[in-house]
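Participant: If you scroll down you'll find the structure; I have some questions about it.
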Amino acid sequence: MPDQQLGASAMQIVLNTDEAVNNNGLVNKFSIVSTDGKNAGHILLWDSKRNIQVFSSGEDRSFDIEQPMTDICLRTAGKSFEIAKAICVFNAGFISDEARDQEWNSDMVSQGVPFGSLPGIICKCWIGNFETNTFGGIYFWDCELAMHDYIEGKEESLLRIGDETIYVKGLISTRKDLINGSVETYLVK
(Lines of atoms letter the chains of each structure in order from A and count residues from 1; the text may use other names and numbers.)
(Lines give C-alpha, C1' and ligand atoms only; values in the text may rest on other atoms or scores of the structure.)
Protein backbone atom coordinates (compact mmCIF):
# COMPACT_ATOMS: atom_id res chain seq x y z
CA MET A 1 0.00 0.00 0.00
CA PRO A 2 1.23 3.50 -0.73
CA ASP A 3 2.36 5.60 2.21
CA GLN A 4 -0.15 8.38 1.57
CA GLN A 5 -0.82 11.51 3.54
CA LEU A 6 -3.67 13.94 3.05
CA GLY A 7 -1.46 17.02 2.78
CA ALA A 8 -4.30 19.27 3.97
CA SER A 9 -5.15 20.51 7.45
CA ALA A 10 -8.41 22.35 6.69
CA MET A 11 -11.48 21.63 4.60
CA GLN A 12 -14.29 23.78 3.29
CA ILE A 13 -17.70 23.00 1.82
CA VAL A 14 -18.89 25.75 -0.50
CA LEU A 15 -22.36 25.44 -2.03
CA ASN A 16 -24.34 27.62 -4.44
CA THR A 17 -21.58 29.88 -5.69
CA ASP A 18 -19.55 30.06 -8.87
CA GLU A 19 -16.99 32.40 -7.38
CA ALA A 20 -13.41 31.68 -8.45
CA VAL A 21 -11.07 29.97 -6.02
CA ASN A 22 -7.61 31.40 -5.47
CA ASN A 23 -5.13 28.51 -5.61
CA ASN A 24 -2.91 29.88 -2.82
CA GLY A 25 -2.75 26.94 -0.40
CA LEU A 26 -5.35 24.84 -2.23
CA VAL A 27 -4.39 21.14 -2.01
CA ASN A 28 -7.38 19.63 -3.82
CA LYS A 29 -10.77 20.67 -5.20
CA PHE A 30 -13.80 18.47 -5.80
CA SER A 31 -16.71 19.87 -7.81
CA ILE A 32 -19.88 18.35 -6.40
CA VAL A 33 -23.64 18.15 -6.89
CA SER A 34 -26.01 16.89 -4.20
CA THR A 35 -27.66 13.57 -4.98
CA ASP A 36 -31.04 15.31 -4.94
CA GLY A 37 -29.73 17.82 -7.52
CA LYS A 38 -30.62 20.85 -5.36
CA ASN A 39 -27.12 22.03 -4.46
CA ALA A 40 -23.86 22.26 -6.34
CA GLY A 41 -20.49 23.59 -5.32
CA HIS A 42 -17.09 22.43 -4.16
CA ILE A 43 -15.27 20.64 -1.40
CA LEU A 44 -11.92 22.33 -0.97
CA LEU A 45 -8.91 20.94 0.88
CA TRP A 46 -6.48 23.60 2.13
CA ASP A 47 -2.95 23.37 3.49
CA SER A 48 -4.00 25.57 6.44
CA LYS A 49 -7.05 27.38 7.74
CA ARG A 50 -5.42 30.76 7.05
CA ASN A 51 -5.73 30.08 3.29
CA ILE A 52 -9.47 29.34 3.34
CA GLN A 53 -11.29 31.60 0.91
CA VAL A 54 -14.10 33.90 2.00
CA PHE A 55 -17.00 33.74 -0.44
CA SER A 56 -19.39 36.62 -0.90
CA SER A 57 -22.29 34.36 -1.78
CA GLY A 58 -23.37 30.83 -1.19
CA GLU A 59 -23.20 28.58 1.84
CA ASP A 60 -19.72 28.17 3.27
CA ARG A 61 -18.61 25.85 6.09
CA SER A 62 -15.02 25.30 7.18
CA PHE A 63 -13.39 22.69 9.39
CA ASP A 64 -10.07 21.60 10.78
CA ILE A 65 -9.05 18.11 9.63
CA GLU A 66 -8.11 15.99 12.62
CA GLN A 67 -5.04 13.78 12.52
CA PRO A 68 -3.50 11.18 12.64
CA MET A 69 -6.63 9.03 12.17
CA THR A 70 -7.45 10.66 8.82
CA ASP A 71 -4.05 9.69 7.37
CA ILE A 72 -4.30 6.20 8.90
CA CYS A 73 -7.65 5.73 7.15
CA LEU A 74 -6.22 6.95 3.83
CA ARG A 75 -3.21 4.62 4.05
CA THR A 76 -5.39 1.66 5.07
CA ALA A 77 -7.72 2.11 2.09
CA GLY A 78 -4.72 2.53 -0.21
CA LYS A 79 -6.67 4.49 -2.82
CA SER A 80 -6.21 7.86 -4.47
CA PHE A 81 -8.57 10.82 -4.12
CA GLU A 82 -8.44 11.04 -7.92
CA ILE A 83 -10.94 8.16 -8.18
CA ALA A 84 -13.53 9.80 -5.90
CA LYS A 85 -17.06 9.51 -7.30
CA ALA A 86 -19.19 10.24 -4.22
CA ILE A 87 -18.84 12.14 -0.94
CA CYS A 88 -20.99 12.06 2.18
CA VAL A 89 -20.88 14.43 5.11
CA PHE A 90 -21.92 13.37 8.62
CA ASN A 91 -22.17 16.26 11.09
CA ALA A 92 -23.41 16.74 14.63
CA GLY A 93 -22.83 19.04 17.54
CA PHE A 94 -22.47 18.22 21.22
CA ILE A 95 -24.94 19.17 23.95
CA SER A 96 -22.10 20.50 26.12
CA ASP A 97 -18.38 21.21 26.15
CA GLU A 98 -17.97 18.27 28.54
CA ALA A 99 -19.63 15.86 26.08
CA ARG A 100 -17.48 17.22 23.26
CA ASP A 101 -14.27 16.93 25.26
CA GLN A 102 -15.08 13.37 26.33
CA GLU A 103 -15.56 12.30 22.70
CA TRP A 104 -12.76 14.42 21.22
CA ASN A 105 -10.24 13.23 23.84
CA SER A 106 -11.11 9.55 23.36
CA ASP A 107 -8.93 7.17 21.36
CA MET A 108 -10.09 8.17 17.88
CA VAL A 109 -6.72 7.12 16.42
CA SER A 110 -7.75 3.47 16.74
CA GLN A 111 -10.68 4.17 14.36
CA GLY A 112 -8.44 4.94 11.36
CA VAL A 113 -7.93 1.32 10.26
CA PRO A 114 -11.59 0.19 10.64
CA PHE A 115 -12.85 3.18 8.64
CA GLY A 116 -10.13 2.63 6.03
CA SER A 117 -11.35 -0.96 5.64
CA LEU A 118 -14.93 -0.03 4.69
CA PRO A 119 -15.95 -1.30 1.23
CA GLY A 120 -15.49 1.47 -1.35
CA ILE A 121 -13.94 4.03 1.04
CA ILE A 122 -11.09 6.23 -0.10
CA CYS A 123 -10.85 8.21 3.12
CA LYS A 124 -12.86 9.51 6.03
CA CYS A 125 -11.60 12.95 7.03
CA TRP A 126 -12.38 13.58 10.70
CA ILE A 127 -13.48 17.21 10.90
CA GLY A 128 -14.23 19.71 13.61
CA ASN A 129 -15.16 23.34 14.03
CA PHE A 130 -15.18 24.37 17.69
CA GLU A 131 -16.62 27.82 16.89
CA THR A 132 -19.79 26.37 15.31
CA ASN A 133 -19.94 23.19 17.45
CA THR A 134 -19.87 21.06 14.30
CA PHE A 135 -17.98 17.77 14.22
CA GLY A 136 -18.05 14.58 12.20
CA GLY A 137 -16.60 13.27 9.00
CA ILE A 138 -16.39 13.84 5.29
CA TYR A 139 -16.18 10.48 3.51
CA PHE A 140 -14.78 10.06 0.01
CA TRP A 141 -16.02 6.97 -1.90
CA ASP A 142 -14.92 5.25 -5.11
CA CYS A 143 -18.55 4.71 -6.16
CA GLU A 144 -22.03 5.98 -5.30
CA LEU A 145 -23.33 2.49 -4.44
CA ALA A 146 -20.73 1.98 -1.69
CA MET A 147 -21.69 5.35 -0.17
CA HIS A 148 -25.40 4.53 -0.15
CA ASP A 149 -24.80 1.02 1.24
CA TYR A 150 -22.86 2.58 4.13
CA ILE A 151 -25.47 5.27 4.81
CA GLU A 152 -28.34 2.76 4.65
CA GLY A 153 -26.53 0.44 7.06
CA LYS A 154 -26.28 -2.62 4.84
CA GLU A 155 -24.73 -5.42 6.90
CA GLU A 156 -21.64 -5.86 4.71
CA SER A 157 -21.00 -2.10 4.83
CA LEU A 158 -21.25 -1.50 8.57
CA LEU A 159 -18.30 -0.20 10.53
CA ARG A 160 -16.68 -2.76 12.81
CA ILE A 161 -14.46 -1.68 15.69
CA GLY A 162 -13.38 -4.66 17.74
CA ASP A 163 -16.49 -6.71 18.52
CA GLU A 164 -18.77 -3.70 18.01
CA THR A 165 -20.76 -3.12 14.82
CA ILE A 166 -21.61 0.56 14.32
CA TYR A 167 -24.31 2.12 12.17
CA VAL A 168 -23.11 5.74 12.00
CA LYS A 169 -26.32 7.30 10.67
CA GLY A 170 -28.23 5.65 13.50
CA LEU A 171 -25.64 6.81 16.00
CA ILE A 172 -25.91 10.49 15.18
CA SER A 173 -29.71 10.35 15.44
CA THR A 174 -29.92 8.41 18.73
CA ARG A 175 -26.97 9.48 20.88
CA LYS A 176 -28.22 11.67 23.72
CA ASP A 177 -25.02 13.74 23.79
CA LEU A 178 -25.38 14.86 20.14
CA ILE A 179 -27.54 17.57 18.57
CA ASN A 180 -28.20 18.80 15.04
CA GLY A 181 -27.14 15.57 13.36
CA SER A 182 -27.22 15.58 9.57
CA VAL A 183 -26.16 13.53 6.56
CA GLU A 184 -25.52 15.04 3.13
CA THR A 185 -24.64 13.13 -0.03
CA TYR A 186 -22.87 14.42 -3.13
CA LEU A 187 -21.61 13.14 -6.44
CA VAL A 188 -18.27 14.33 -7.79
CA LYS A 189 -18.80 16.10 -11.12
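Under numbering that gives the first Met the number 0, the sequence shown has 65 at position 66, and the numbering climbs by one with no breaks.
Cβ atoms here follow ideal geometry from the backbone N, Cα and C, with glycine treated the same way.
Bear in mind that the values here come from a model prediction, so they are computed numbers and not experimental data.
Near Gly169, what residues of its chain come up, given a Cβ to Cβ distance below 8 Å and the 5 sequence neighbours on each side ignored?
Facilitator: Closer than 8 Å at Cβ, skipping near neighbours: Gly152.
Participant: Taking DSSP as the reference, what is the three-state secondary structure of Thr184?
Facilitator: Thr184: strand per DSSP, three-state reduction.
Participant: Spell out a yes or no on whether the stretch 95-113 and the stretch 36-51 are touching, meaning 3 or more CB-CB pairs, one atom from each, closer than 8 Å.
Facilitator: Counting Cβ pairs under 8 Å, fewer than three are found: no touch.
Participant: DSSP state of Cys142, grouped into three classes?
Facilitator: Note: Cys142 maps to coil in three-state DSSP.
Participant: Classify Val13 as buried or exposed, calling it buried when 16 or more other Cβ atoms lie within 10 Å of its own Cβ.
Facilitator: Buried, since its Cβ has 16 or more Cβ neighbours within 10 Å.
Participant: Which word fits Met10, buried or exposed, when buried means at least 16 other C-beta atoms lie within 10 angstroms of its C-beta?
Facilitator: Under this definition Met10 is a buried residue.
Participant: Is DSSP giving Ile160 helix, strand or coil here?
Facilitator: Strand.
Participant: Report yes if the CB atom of Gln4 is closer than 8 Å to the CB atom of Asp96, and no otherwise.
Facilitator: No. Outside cutoff.
Participant: By DSSP's criteria, Ile51 is part of a beta bridge. Which residues make up the other side?
Facilitator: Bridge partners of Ile51: none, in fact.
Participant: Rounding to the nearest angstrom, what Cα-Cα distance links Asn90 and Ile150 in this structure?
Facilitator: Rounded to whole angstroms, Asn90 to Ile150 spans 13 Å at the Cα level.
Participant: Would you kindly work out how many angstroms separate the C-alpha atoms of Ile160 and Ser181, rounded to a whole number?
Facilitator: Roughly 22 Å between the two C-alpha positions.
Participant: Could you spell out the range, first to last residue, of the beta strand (DSSP E) harbouring Gly6?
Facilitator: Neither: Gly6 is in no beta strand (DSSP E) and is coded neither H nor E.
Participant: From this set, Cys87, Ser156, Gln66 and Gln110, which residue's C-alpha is nearest Leu117's C-alpha?
Facilitator: Closest by alpha carbon: Ser156.
Participant: Can Ile120 and Tyr138 be called in contact, C-beta distance under 8 Å?
Facilitator: Yes, the pair counts as a contact, with Cβ atoms nearer than the cut-off.
Participant: Counting C-beta neighbours from all protein chains within 10 Å, is the total for Lys188 16 or more, i.e. buried, or is it exposed?
Facilitator: Classification of Lys188: exposed, given that the 10 Å Cβ count is below 16.
Participant: Quick check: what's the CA-CA separation for Tyr185 versus Ile165?
Facilitator: Taking the straight line from one Cα to the other gives about 22 Å.
Participant: Which class does Ala98 belong to by DSSP, given the choice of helix, strand or coil?
Facilitator: DSSP places Ala98 in helix when its eight states are reduced to three.
Participant: DSSP three-state label for Ser109, please.
Facilitator: Looking at Ser109 - three-state DSSP - the assignment turns out to be helix.
Participant: Could you please give me the residues that DSSP links to Thr75 through a beta bridge?
Facilitator: The partner list for Thr75 (beta bridge, DSSP) is empty, contrary to what the question assumes.
Participant: Given Ser61, which residues of its chain have a CB within under 6 Å of its CB, disregarding the five upstream and five downstream residues?
Facilitator: Within the same chain, Ser61 has close Cβ partners Gln11 and Ile51.
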